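S.K.:
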Amino acid sequence: MIKGAQILVIILSIFILKSFSCSNFKITPLQKILAQHPELIYQKVYHEIPFEIPPFPIIPSMPHKGIFKELFILHIPNGIMKSYDGHIIIDDGFIEELVWGDNNLRLIPQNTQEINPLNTIQIPGKVLVLSQIGSMNYCHWILEILGRLAIIEMNNIEYDWICVSDNKPFIKKIFELWGIDPAIVINPIDQNFTIQAETLIIPSLVTRTDLGHKHFGNFVHSNITLYTRNKLLNAANQYTIDTSHFSKRIFLSRKDGYNSRRILNEDEIFTALEPYGFKQYILNNLSLIEQIKLFNNAEIIIGEHGAGMANTLFCEPGCKIIELFHHFIPIDFWYISSLVGANYTSINTLNIDADFFKDCQQDGIRLGRAFNAQVTIPLNIIYEIIKTL
């Protein structure tokens, strides 16, 4: 998982970049690019579709309905991809629909446009580009990167190479479950990494809605997300592992959270929960398959917001999810729980201004502090949770 300090640097970088005018970067809508480049092939995958789920419990005014924008696959002959984050370069600029985030909040290095032909790797064949901002994080991988891969597989698109931003052990295992040959994987090494492929294949970002990214948390396209769930769950079920020692009542530890959003009295909380059949789990101590099966087998999951909660995707309908928040309040797993039919509850453990997260991109320092907060959760909150079990 990415360290909290690294996340803070990324968050602060976003706000530093806000001070630059968007004119520093040439960012062009896709339809204009297509009109100027008839050699590009645009393949529509899904029309725009509406979505709506119940209001978020902590912040009822948080956006909870909108429209998923049209999904597509773009084929670019002699296409150029630059940087660790997979920026697609065309006409010395960027395609608007392929840049993650709001128009004025793009985390794009100033030197991204500087293409040096002598440092550009020429690759024959078709290169599928999945690299994007956030792709070093387990949650973004499960929900966004694999969502883009699902678009490709659902439409029977063939490719020779696949470009992703990292080669962490969990990524290798995900590819194994998905059936990807590791020999075809390309890993960009830094922001100056540049390739030019015979053909680039670029699937849509799966978080594109009419809501933008002003609130903290993403909606991911429902059809694509459920395809990912079924693909990985079916693959994991082909492995025979002993799950008899798994508890159906799970308390997720953040002791591996690299000092970001740590619960200082975590052991006290577990001591209160243990008599009720809960077992404490540090997810980094489990294999990917074990994590999938642990969540799929669970009846109750209690945990603080963190990337490991992405495994909520593998829960069965009716599973009770209790997510603990303090300072940092994203909405990702509330949304995922609704997709899989889990019974979701969010608990605000501190008296804070929750409405900040409706438009949290306006204050980078405050957001960084919220992300890295370490707190003691009052035990009376845990006792109130126990009464509902």
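Here our numbering is used: the first residue of the sequence shown is 1443, the next is one more, and so on.
Glycine residues also receive a C-beta, built at the ideal position from the N, C-alpha and C atoms.
The structure presented is a predicted model; accordingly, all values stated were derived computationally and were not measured.
So, do the segment 1492-1503 and the segment 1778-1797 have three or more beta carbon pairs nearer to each other than 8 Å?
M.R.: yes
S.K.: Does the beta-carbon of A1477 have 16 or more other beta-carbons within 10 angstroms, so that it is buried, or is it exposed?
M.R.: Numbered from its first residue, the sequence shown carries residue 1477 at position 35. Flag for A1477 reads exposed.
S.K.: Closest by CA to T1651, which one among I1599, L1736, K1507?
M.R.: On the sequence shown, position 209 is the one that residue 1651 refers to. Out of I1599, L1736, K1507, K1507 has the C-alpha closest to the C-alpha of T1651.
S.K.: Using the Cα positions of T1562 and I1522, report the straight-line distance between them to the nearest angstrom.
M.R.: Looking up residue 1562 in the sequence shown gives position 120. Looking up residue 1522 in the sequence shown gives position 80. Roughly 9 Å between the two C-alpha positions.
S.K.: Kindly list the residues whose CB is nearer than 8 Å to the CB of N1597, restricted to its own chain and excluding five residues on each side of it in sequence; keep chain order.
M.R.: On the sequence shown, position 155 is the one that residue 1597 refers to. Hits under 8 Å: Q1485, V1487, I1515.
S.K.: Kindly list the residues whose CB is nearer than 6 Å to the CB of C1757, restricted to its own chain and excluding five residues on each side of it in sequence; keep chain order.
M.R.: What you label residue 1757 is simply residue 315 of the sequence shown in a count that begins at 1. Result list for C1757: F1737, V1782, A1784, in chain order.
S.K.: According to DSSP, H1479 sits in a beta bridge with which residue or residues?
M.R.: Numbered from 1 along the sequence shown, position 37 holds the residue referred to as residue 1479. Bridge partners of H1479: none, in fact.
S.K.: Going by DSSP, what residue range makes up the beta strand (DSSP E) through I1613?
M.R.: Here residue 1613 corresponds to residue number 171 of the sequence shown, with the count starting at 1. That residue, I1613, is in no beta strand (DSSP E); its alpha helix (DSSP H) goes 1611-1620.
S.K.: Suppose the cutoff is 8 Å on Cβ atoms and the five residues either side in sequence are ignored; what does the same chain contact list for S1779 look like?
M.R.: As a first step, residue 1779 is located in the sequence shown; it is residue number 337 there, counting from the start. Closer than 8 Å at Cβ, skipping near neighbours: T1754, C1757, I1763, N1785, Y1786.
S.K.: So the alpha helix (DSSP H) R1590 belongs to, where does it begin and stop?
M.R.: Taking the sequence shown and counting its residues from 1, the one referred to as residue 1590 is at position 148. Per DSSP, R1590 belongs to the alpha helix (DSSP H) from 1588-1596.
S.K.: Give the secondary structure of V1817 by DSSP, where H, G and I count as helix, E and B as strand, and everything else as coil.
M.R.: For this step, residue 1817 is matched to residue 375 along the sequence shown. In this structure, DSSP gives V1817 an extended state, which the three-state scheme calls strand.
S.K.: Along the chain, where does the alpha helix (DSSP H) that runs through Y1777 open and close?
M.R.: Position 335 of the sequence shown, counted from the start, is the residue given in the question as residue 1777. Here the alpha helix (DSSP H) through Y1777 covers 1774-1782.
S.K.: What did DSSP end up calling I1683 once you bin it into helix, strand or coil?
M.R.: Residue 1683 sits at position 241 when you count from the first residue of the sequence shown. Assignment of I1683 by DSSP, reduced to helix, strand and coil, places it in the coil class.
S.K.: Using a Cβ-Cβ cut-off of 7 Å (strictly less than) and excluding sequence neighbours within five positions of S1664, which residues of its own chain qualify?
M.R.: Against the sequence shown, residue 1664 aligns to sequence position 222. Closer than 7 Å at the Cβ level, and outside the excluded window around S1664, lie F1493, L1781.
S.K.: What does a CB cutoff of less than 6 Å around L1513 pick up in its chain, not counting 5 residues either side in sequence?
M.R.: By 1-based counting over the sequence shown, the position of residue 1513 is 71. Contacts found: V1487, Y1488, S1646.
S.K.: Which residues share a DSSP beta bridge with M1523?
M.R.: Numbered from its first residue, the sequence shown carries residue 1523 at position 81. DSSP, once it has assigned bridges, lists I1530, I1637 as partnering M1523.
S.K.: With DSSP as the reference, label E1765 as helix, strand or coil.
M.R.: On the sequence shown, position 323 is the one that residue 1765 refers to. Looking at E1765 - three-state DSSP - the assignment turns out to be strand.
S.K.: Under a three-way DSSP split, which group does L1513 fall into?
M.R.: Locating residue 1513 in the sequence shown gives position 71, counting from the first residue. Reduced to three states, the DSSP call for L1513 is strand.
S.K.: Would you tell me roughly how many angstroms separate the C-alpha atoms of I1628 and G1567, rounded to the nearest one?
M.R.: Locating residue 1628 in the sequence shown gives position 186, counting from the first residue. Locating residue 1567 in the sequence shown gives position 125, counting from the first residue. Answer to the nearest angstrom: the Cα atoms are 13 Å apart.
S.K.: Less than 7 Å between the C-beta atoms of I1711 and I1824, yes or no?
M.R.: Within the sequence shown, the letter at position 269 stands for residue 1711. Within the sequence shown, the letter at position 382 stands for residue 1824. Their beta carbons are under 7 Å apart, which means I1711 touches I1824 by this criterion.
S.K.: Could you check what DSSP says for F1693 in three-state terms: helix, strand or coil?
M.R.: Numbered from 1 along the sequence shown, position 251 holds the residue referred to as residue 1693. Under the three-state reduction of DSSP, F1693 is assigned to strand.
S.K.: Do the CB positions of A1740 and I1692 come within less than 7 Å of each other?
M.R.: In the sequence shown, residue 1740 corresponds to position 298, counting from 1. In the sequence shown, residue 1692 corresponds to position 250, counting from 1. Yes, Cβ-Cβ distance for A1740 and I1692 is below 7 Å.
S.K.: Does the Cβ of R1811 have 16 or more other Cβ atoms within 10 Å, making it buried, or fewer, making it exposed?
M.R.: Position 369 of the sequence shown, counted from the first residue, corresponds to residue 1811. Its Cβ having fewer than 16 others within 10 Å, R1811 is exposed.
S.K.: Between which residues of its own chain and T1818 is the CB-CB distance below 7 Å, once the five residues before and five after are set aside?
M.R.: What you label residue 1818 is simply residue 376 of the sequence shown in a count that begins at 1. Taken in chain order, the residues that qualify are L1706, N1707.
S.K.: Spatial neighbours of Y1777 within its chain, please: C-beta separation below 7 Å, excluding the five flanking residues on both sides.
M.R.: In the sequence shown, the residue the question calls residue 1777 occupies position 335. Only I1495, F1661 meet the Cβ criterion.
S.K.: So for E1741, helix, strand or coil by DSSP?
M.R.: Against the sequence shown, residue 1741 aligns to sequence position 299. Coil at E1741, not helix or strand.
S.K.: What does DSSP give as the partner residues of S1788 in its beta bridges?
M.R.: As a working mapping, residue 1788 is identified with position 346 in the sequence shown. According to DSSP, which records beta bridges pairwise, S1788 is partnered with E1765.
S.K.: Classify A1625 as buried or exposed, calling it buried when 16 or more other Cβ atoms lie within 10 Å of its own Cβ.
M.R.: Reading the sequence shown from its first residue, position 183 is the one you call residue 1625. With fewer than 16 Cβ atoms within 10 Å of its Cβ, A1625 is classed as exposed.
S.K.: Hey, out of K1511, E1538, V1571, L1728, whose CA is closest to S1525's CA?
M.R.: Here residue 1525 refers to the residue found at position 83 when the sequence shown is read from its first residue. The shortest C-alpha separation from S1525 is found at V1571.
S.K.: Leaving out five residues before and five after D1602 in sequence, what residues of the same chain have Cβ atoms less than 6 Å from its Cβ?
M.R.: Within the sequence shown, the letter at position 160 stands for residue 1602. Contacts found: G1567, K1568.
S.K.: If you follow the beta strand (DSSP E) that F1712 is part of, which residue opens it and which one closes it?
M.R.: On the sequence shown, residue 1712 is found 270 positions in, with the first residue counted as 1. Segment 1708-1715 is the alpha helix (DSSP H) holding F1712; no beta strand (DSSP E) there.
S.K.: Assign W1583 to one of three DSSP states: helix, strand, or coil.
M.R.: The count along the sequence shown starts at 1 and reaches residue 1583 at position 141. Helix.
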